[in-house]
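Asker: Just dropping this structure here.
Residue numbers (our numbering): -4 to 139.
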């Protein structure tokens, strides 16, 4: 520190041509200014460190908030996708069921006409059998 004061004294003498003693009030003022500047620097460093800490906290909170919002958006999108898939699957199943029902009814209609024809032939066959049996019984009864 005395080297600093000595260099200041020499500069004042060189620039202004005035010889200043170490006990001169101007030298005291220089020492006070230097001390105050050091205190201010220390205070500003503390404030900057505090500000940095606060900014880091805010950035961390913003990161967490963004993560939570992203998760909520993702969950909402996933739920909407599931609902859309379920809806599409239900519609597809309904369409498949309608198609199967239509095909079944169509096949049933196609077999209905031959079945009706078969019923007629069976009825005629039974009637012919009853007549034949009746005729045979009459022949057998008249032969007795």
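Glycine included, every Cβ here is placed at the ideal spot set by N, Cα and C.
Buried or exposed: which applies to residue 114, given that a residue is buried once 16 or more other Cβ atoms fall within 10 Å of its Cβ?
Answerer: Residue 114 comes out exposed.
Asker: Roughly how many whole angstroms lie between the Cα atoms of residue 16 and residue 4?
Answerer: Each residue's Cα considered, the two are about 8 Å apart.
Asker: Quick one: give me the first and last residue of the alpha helix (DSSP H) that residue 120 is part of.
Answerer: It spans 20 to 138 - the alpha helix (DSSP H) in which residue 120 sits, taken as one unbroken run.
Asker: Mind checking which residues open and close the alpha helix (DSSP H) that includes residue 17?
Answerer: Note, residue 17: premise wrong, no alpha helix (DSSP H); not H, not E.
Asker: Compute the Euclidean distance between the alpha carbons of residue 134 and residue 128, then round it to the nearest angstrom.
Answerer: Using only the alpha carbons, I get a separation of about 10 Å.
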